[in-house]
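Residue numbers (this note's numbering): -13 to 122.
Even glycine gets a Cβ: it sits at the ideal position worked out from N, Cα and C.
Notes follow once the structure below has been shown.
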Amino acid sequence: MTANGASENGTKDNRLRALEVAIEKIEKDHGHGSIMRLGEVSAAMAVETIPTGSLSLDIALGAGGIPRGRITEIFGPEMAGKSTVAMHIIAEAQKLDGLAAYIDVEHAMEPTFAQVIGINIDDLLISQPDTGEQAL
């Protein structure tokens, strides 16, 4: 092996070690699984989900619902059923003893409809911000 090749291997080893140190620090600061190589077996870790109330949608999402404990945005055209899907997810979360917050940027939440879907409105947190910045 040439001196040049040995030097390149040493540099590569140093970079890999620096990467491992950075990954260890991130995991120490933010918990195991907060960063990983996508191809690792551990990357296929089980993610706890909340069913959407639609078996077809749960299957399409690939995980059996939406990930629990994360912010989820439901996006689509007007009158596509975004609010209804969101309310079904909230009802499912409450059935699993979860706590949910509904950020109603359209100021269109109908408590009676929410109850019909199965939401316990006494336990639902709601925010009706005036701007997108307030919603965040």
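Proximity to residue i [Cα-Cα], best of the options
i      : options                     : result
Leu82  : Val91, Gly39, Thr117        : Gly39
Gln114 : Glu96, Gly48, Phe99, Ile89  : Ile89
Ser42  : Asn106, Ile36, Gly50        : Gly50
Gln101 : Gln80, Gly48, Ala32         : Gln80
His18  : Glu10, Gly25, Leu24         : Glu10
Pro37  : Gln120, Ala86, His74, Leu85 : His74
Ala86  : Val7, Lys68, Gly67, Leu110  : Leu110
DSSP beta-bridge partners of residue i
i     : result
Ala87 : Leu111
Pro53 : Thr35
Endpoints, alpha helix (DSSP H) assigned at residue i
i      : result
Phe99  : 97 to 103
Met73  : 68 to 81
Ile45  : 41 to 47
Gly118 : 118 to 121
Close Cβ partners of residue i (< 7 Å) along its chain, the five nearest in sequence each way excluded
i      : result
Met95  : Tyr88, Ile112
Pro63  : none
Gly104 : Ala77
Ile21  : Ile9, Ile12, Glu13
Beta-carbon separation (whole angstroms), residue i vs residue j, contact threshold 8 Å
i     : j     : result
Pro53 : Thr70 : At roughly 20 Å, the Cβ-Cβ gap does not stay under 8 Å, so Pro53 and Thr70 are not in contact.
Ile60 : Ala46 : The Cβ separation is near 14 Å, so there is no contact.
Cutoff 8 Å; reference residue i; Cβ partners in own chain excluding five residues on either side
i     : result
Pro97 : Ile107
Gly55 : Glu34
Close-in-space but distant-in-sequence residues of the same chain around residue i (CB under 6 Å, 5 per side omitted)
i      : result
Thr58  : Ile52
Asn0   : none
Ala121 : Ile89, Val91, Pro115
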